[in-house]
Amino acid sequence: MAMMTCRSLLLLLLVSLFVSFGFAEIRFTEIRSDVRPIIPFDEFGFTHNGRLELNLSQIDLSGKNLDLNKIGFFLCTRDTWFHVLEQLNDHHVTCALDSDLVKVVFRFESLKGKTSVNAVFPVNNADQYTLLFANCLTQVKVSMTVRSAMYNLEGKQNSRDYLSAGKTILPRVYFLLSLVYFSLAGIWVYFLYKKRLTVFRIHFFMLAVIVLKAFNLVFEAEDKSYIKRTGSAHGWDVLFYIFSFLKGIMLFTLIVLIGTGWSFLKPYLQDKEKKVLMIVIPLQVVANIAQVVIDEASPFGQDRVTWKQLFLLVDVICCCAVLFPIVWSIKNLREAARTDGKAAVNLMKLTLFRQYYVVVICYIYFTRVVVYALETITSYKYLWTAVLAGELATLAFYVFTGYKFKPEAHNPYFAIDGEDEEAAAEQLKLEDEFEL
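Going letter by letter, the sequence shown gives residues -24 to -1, 1 to 412 in mature numbering (1 follows the signal peptide of the UniProt record, and there is no 0).
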C-alpha cells in the first residue's frame, strides 16, 4: 500500500508539470478563429468599488469592411442574461451589445486599426457579473489573446482584492480552521502518550490524517491570501494540491481501515478488503487530477464540464466503495456474537460500527449534496458560508471518529458481568426475530 501511495504521488506530480495552470482571478485566454456568437470568459462578485481590466492583443478578424460596432465585450448578471435572451428571441435587439440590460465594456469600433488595446472599466453596482464576448457578425472568425483581471478596491488606500466578494473572507476561515486541526493533533498526541499501552497502529494513522488536513488548510489559506493580494497563486497552489491529494487518499484509506477493523479488531486485511483499497486509491488519484483541472480552468472552459462529470463519478464510486468494509464488519460481528459466547463485547462493537456506518453516510451526503445545494442557493456575497459548512461537517466527522475509536474503546480484556452478557444475548435474539 505504501508503494502504491508513492506511485500515486509521483503520478500527480508528473501530471502537474504538464497541466497549464491558470492565474486565479487574472485569466489569460487565447481565441483562435472562433465563430461563436457568445463566448463567456469569467465571473466575479463585485462590490460598489469594483474594476475590470481588459487587455487585448493579437486581434485578427476575418473579412473586410466589417461593422465593428457589433463585436465587443460586456458584463451581465445571470438574472439579466435570461432577459437579454428573451430580447434576442423576440427580435427587440439583434445583438447583445445593443441591449440596455448589459454593461458594455468595449466595442471593436474603438480599435481604429489597432491590434491591441487596454481598457479599465469601473463597476459601481454591487452584484455578480459574467464577462462575455459578443460577435454578432455571422461567419466572421475572431482571433485574439485576452487578459482579464477583476478586483475590488478596499480600504482607504484602495488596495486591490482579487477574490470575489463572497470569497474574500476565505483566507481567514481556512487559517482559523488549520489552528483547530493543529490543536486537535496536539491533543491526540497527548492522548496517545497517556494511553500508550493500548494504542494501535490505526491511531497513528489517524494522527497522520489530522496533520495532513491541518497543513492542507494552511496552504489553502496562503494560496487564497496570495490570490487576494496579487491575483495569482505563484506556486502556493502546487503545495495545496499536493497536500490535498495526500489528505484525500489518507482519509478514504482511513475510513476503509476503520471499517475493516484493522489493527484494533484484527492485525491483517482480507483479500476483498485489499481490493477495495486498490480501487479507492487509484480513483482518488484520478479525482485529484480532475480537481486540479477544474480549479485552474476558466469557469466556462470547454473541457471543464467533462472533468467535472468525471470528478463527480469517481467521487461517488469512492464514497460507495468505502461503505462495503463497514458492512462486512457489521456482518462478521453479528455472526461472532452468536457463536463465540461473548455477546456483550461483540454487541458493543456492533453498535459502534452501525453508528459509524450512519455517520459516514451522513458525512458523504452533507459534503457532497447539502454543500452543493448551499453553493447554488446562497447569494454570491455569502458563498463562504457553504465552504464553512463543509469544513465544519468534516471537522465534526474527524472528532466523532477520534472519540469513538480512541485507545481503550475496544479493549478486549475489560470485564463483562453475567447480567450484561445475558442482556446482550437477548437483544441479539430480538434483532434476529425482527429481521425475520
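Quick reminder that beta carbons are idealized off the backbone N, C-alpha and C, glycines included.
Looking at C-alpha atoms only, which residue of the options is the closest neighbour of residue i?
| i | options | result |
| --- | --- | --- |
| VAL99 | ALA125, VAL194, GLY211 and THR229 | ALA125 |
| GLU130 | VAL122, ARG123, MET120 and ALA141 | ALA141 |
| CYS112 | LEU64, VAL214 and VAL185 | LEU64 |
| LEU153 | ARG177, PRO383, VAL81 and PHE195 | PHE195 |
| THR327 | VAL185, LYS380, VAL363 and PHE287 | LYS380 |
| residue 413 | VAL60, GLU85, THR361 and TYR339 | Limits of the chain in this structure are -24 at one end and 412 at the other, which puts residue 413 out of reach. |
| MET120 | GLU198, PHE109 and THR370 | PHE109 |
| LEU146 | TRP164, PHE158, VAL93 and SER201 | SER201 |
| TYR105 | SER86, LYS88, VAL81 and GLU85 | VAL81 |
| ARG27 | VAL165, ASP137, PHE191 and PHE58 | ASP137 |
| PHE373 | ARG310, THR282, MET182 and VAL269 | MET182 |
| ALA95 | LYS248, ASP103, VAL118 and ASN31 | ASN31 |
| TRP212 | ASP74, PHE191 and LEU37 | PHE191 |
| GLU19 | TYR341, ALA273 and TYR332 | ALA273 |
| PHE103 | ASN25, TYR333 and LEU37 | Looking at the sequence shown, residue 103 is not Phe but Asp. Of the listed residues, the one whose Cα sits closest to ASP103 is ASN25. |
| TYR333 | VAL303, VAL187 and ARG3 | VAL303 |
| GLN331 | VAL269, VAL256 and THR377 | THR377 |
| PHE50 | HIS68, GLN267, PRO16 and ASP43 | PRO16 |
| ARG3 | THR114, ARG83 and LEU139 | LEU139 |
| ASP76 | THR56, THR91 and TYR157 | THR56 |
| TYR157 | LYS382, VAL375 and PRO383 | VAL375 |
| VAL122 | LEU289, SER92 and TYR169 | SER92 |
| ALA161 | TYR150, MET226, ARG83 and ALA184 | ALA184 |
| VAL335 | ARG8, ASP279, LYS189 and GLY235 | GLY235 |
| GLU384 | PHE167, ASP10 and HIS67 | PHE167 |
| GLY89 | LEU37, ASP74 and LEU107 | LEU37 |
| GLY366 | ASP43, ALA266, ASP247 and TYR150 | TYR150 |
| PHE287 | GLU311, ALA266 and LEU299 | ALA266 |
So what does residue i bridge to, in DSSP terms?
| i | result |
| --- | --- |
| MET126 | LEU28 |
| ILE14 | ALA110 |
| PHE4 | ARG123 |
| CYS52 | THR106 |
| SER33 | THR121 |
| PRO98 | ARG27 |
| PHE82 | PHE49 |
| VAL93 | LEU32 |
| GLU19 | THR106 |
Can you say whether residue i is buried or exposed, counting buried as having 16 or more other CB atoms within 10 angstroms of its CB?
| i | result |
| --- | --- |
| THR53 | buried |
| GLN34 | exposed |
| PHE22 | buried |
| LEU368 | exposed |
| LYS143 | buried |
| GLY224 | buried |
| GLY39 | exposed |
| ASN128 | buried |
| PHE228 | buried |
| ARG12 | exposed |
| PRO301 | buried |
| SER355 | exposed |
| LYS46 | buried |
| LEU155 | exposed |
| TYR217 | buried |
| MET324 | buried |
| ASN134 | exposed |
| ASP199 | buried |
| PHE390 | With a pLDDT of only 38 at PHE390, under 50, the local geometry of the prediction cannot be trusted, and no value is derived from it. |
| ALA72 | buried |
| ASN308 | buried |
| GLY207 | buried |
| GLN285 | exposed |
| LYS132 | exposed |
| ALA349 | exposed |
| ILE231 | buried |
| GLN115 | exposed |
| ASN264 | buried |
| PHE329 | buried |
| GLY48 | buried |
Exercise for the section: Would you mind listing the alpha helix (DSSP H) stretches within the stretch 129 to 205 that are 4+ residues and don't spill past its ends, in chain order? Expected result: 146 to 170
Practice task
Would you check if there are 3 or more beta carbon pairs closer than 8 Å linking the stretch 288 to 299 to the stretch 247 to 261?
Solution key: yes
Problem - Those runs of the beta strand (DSSP E) which lie wholly inside the stretch 229 to 310 and span at least 3 residues - result: none
Exercise for the section: Assess, as a yes-or-no matter, whether the stretch 238 to 248 is touched by the stretch 170 to 178 under the definition of 3 or more beta carbon pairs within less than 8 Å. Expected result: yes
Practice task
Go through the stretch 54 to 78 residue by residue and report every complete run of the alpha helix (DSSP H) that reaches 4 residues or more, in order.
Solution key: 54 to 65
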